[in-house]
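Enquirer: In terms of our numbering, the sequence shown opens at residue 30 and continues consecutively.
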Amino acid sequence: MVFPRLSADMALFLDFDGTLSPIRADPGSVYLPPEGAGILLTLAARLRGGLVILSGRDVRDLALRVPQGLWRVGGHGAQICAPGAAPSNALKAAPAELVQRIQQIADPFPGVVVESKGEVLALHFRSAPDAGPQLEAEISAVIAGFSEYSLQTGKMVIEARPDHADKGKCVTAFLQRGEFAGRAPLMIGDDTTDEAAMRACLQAGGTAIKVGPGASVAPFRLDGPDDVWNWLREGLT
Ligand SMILES: [Mg+2]
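1) Just to confirm, does Asp255 get its C-beta within under 6 Å of one of the non-hydrogen atoms of ligand 1?
2) Does the separation of the CB atoms of Val149 and Ala213 fall below 7 Å?
3) Under three-state DSSP, which class holds Ile69?
4) Is DSSP giving Ala151 helix, strand or coil here?
5) Alpha carbon to alpha carbon, how far is Arg89 from Asn118? Give it in angstroms, no decimals.
6) To the nearest angstrom, report how far apart Gly67 and Arg75 are at their CA atoms.
7) I'd like the span of the beta strand (DSSP E) that includes Ser179, first residue to last.
8) Around ligand 1, what residues have a beta-carbon under 6 Å from a heavy atom of it, in chain order?
9) Between which residues of its own chain and Ala151 is the CB-CB distance below 6 Å, once the five residues before and five after are set aside?
10) Just confirm the distance between the C-beta atoms of Phe42 and Ala233, as a whole number of angstroms; I'd bet it's less than 8 Å.
11) Can you find a CB in chain C that lies within less than 7 Å of the CB of Cys110?
12) Distance check for Leu180 and Pro116, CA to CA, integer angstroms please.
13) Taking the C-alpha atoms as reference points, what is the distance between Glu223 and Arg101?
14) Where DSSP assigns a beta bridge to Asp220, which residues make up the other side?
15) Opposite Thr236 in the DSSP bridges: which residues?
16) Under three-state DSSP, which class holds Ile109?
17) Tell me whether the beta-carbon of Leu91 lies closer than 7 Å to the beta-carbon of Ser84.
18) Residues bridged to Lys146 by DSSP?
19) Pull up the DSSP beta-bridge partners for Leu251, would you.
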């Protein structure tokens with residue numbers, strides 16, 4: 030198979046952490062590389078707006094890190110912010126009881142933090158990597174009592190997310206928008222949470238690129254964010 034090249038009839042979906050920027054221990058210190066914003070805005074114009082940053086971050090946080098002129102989607106697809114718009118501060122929150130119970134699971138572990146991203150709750154356990162299986166089992170047991178919630182694991186993170194917070198459903202919904210209709214979708218992502226979006230792209234006649242190691246449904250692969258940027262730059266030529 031020939032490695033895909035960017036073309037004007039594509040809809041491009043890009044994950045943020047680990048895809049456009051290297052993952053860092055402190056997610057607050059992750060930004061685009063210096064020329065990144067300009068490249069993304071130029072590409073979005075080439076694609077006539079068909080470029081979406083699709084992240085698991087809270088969209089208010091994501092909006093601090095990528096240009097306002099782009100579609101910015103946070104919460105794994107649950108929080109959509111159109112080009113030019115400011116993210117809403119009135120995001121729906123997770124059920125208070127769920128927040129409380131997941132916080133109780135994290136409390137015994139120093140450095141393990143619970144991040145509220147609207148309806149999505151993320152427990153970061155980078156500071157206690159060995160505790161992953163135990164934390165996952167405990168959170169799974171709690172989530173069983175919340176029918177609309179599922180457990181999702183990523184890189185050193187365990188998330189409780191409502192079923193509509195799904196990158197695959199998000200891609201499918203975008204492709205039904207007028208300006209995205211008929212486009213061949215391409216998802217680029219590095220984590221397990223991106224797989225649903227990749228599957229949605231493949232089902233819609235598009236394709237996907239996995240970043241870094243690990244099993245993936247994506248037919249193509251790049252080693253890391255530097256290679257993603259090289260590929261995006263090639264799309265400008
Ligand atoms: Mg990622």
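A virtual CB, placed ideally from N, CA and C, is assigned to each residue, including glycine.
Expert: Straight from the coordinates:
1) In the sequence shown, the residue the question calls residue 255 occupies position 226. Checking the Cβ of Asp255 against ligand 1 gives no.
2) In the sequence shown, counting from the first residue as 1, residue 149 sits at position 120. In the sequence shown, counting from the first residue as 1, residue 213 sits at position 184. Contact flag unset, no.
3) One-based indexing of the sequence shown puts residue 69 at position 40. What sits at residue 69 in the sequence shown is Leu, not Ile. Leu69 falls in the helix class under three-state DSSP.
4) Looking up residue 151 in the sequence shown gives position 122. It is a strand residue.
5) For the purposes of this step, residue 118 is taken as residue 89 along the sequence shown, with counting starting at 1. For the purposes of this step, residue 89 is taken as residue 60 along the sequence shown, with counting starting at 1. Roughly 8 Å between the two C-alpha positions.
6) Looking up residue 67 in the sequence shown gives position 38. Looking up residue 75 in the sequence shown gives position 46. In this structure, the alpha-carbon of Gly67 lies about 12 Å from that of Arg75.
7) Here residue 179 refers to the residue found at position 150 of the sequence shown. It spans 178–183 - the beta strand (DSSP E) in which Ser179 sits, taken as one unbroken run.
8) Result (chain order): Asp44, Asp46, Gly47, Thr48, Gly218, Asp219, Asp220.
9) Within the sequence shown, residue 151 is the residue found at index 122, counting from 1. Answer for Ala151: Glu144, Val186, Glu188, listed in chain order.
10) Reading the sequence shown from its first residue, position 13 is the one you call residue 42. Reading the sequence shown from its first residue, position 204 is the one you call residue 233. Incorrect: roughly 11 Å between the Cβ atoms, too far for contact.
11) Included in the structure is just one protein chain, with no chain C present.
12) To locate residue 116, count along the sequence shown from 1; it is residue 87. To locate residue 180, count along the sequence shown from 1; it is residue 151. In a straight line, the C-alpha of Pro116 is about 25 Å away from that of Leu180.
13) Translated into the one-based positions of the sequence shown, residue 223 becomes position 194. Translated into the one-based positions of the sequence shown, residue 101 becomes position 72. For clarity, residue 223 is Asp in the given sequence; the question names Glu instead. Roughly 15 Å separates the two Cα atoms.
14) Translated into positions along the sequence shown, residue 220 becomes position 191. Answer by DSSP bridge pairing: none, since Asp220 is not bridged.
15) Locating residue 236 in the sequence shown gives position 207, counting from the first residue. Thr236 is bridged to Leu215.
16) As a first step, residue 109 must be located in the sequence shown, where it is residue number 80. Note: Ile109 maps to strand in three-state DSSP.
17) Here residue 91 refers to the residue found at position 62 of the sequence shown. Here residue 84 refers to the residue found at position 55 of the sequence shown. Cβ distance < 7 Å, so Leu91 and Ser84 count as in contact.
18) Within the sequence shown, the letter at position 117 stands for residue 146. In the DSSP assignment, Lys146 forms a beta bridge with Val149.
19) Your numbering for residue 251 matches position 222 in the sequence shown. Its beta-bridge partners are Val240.
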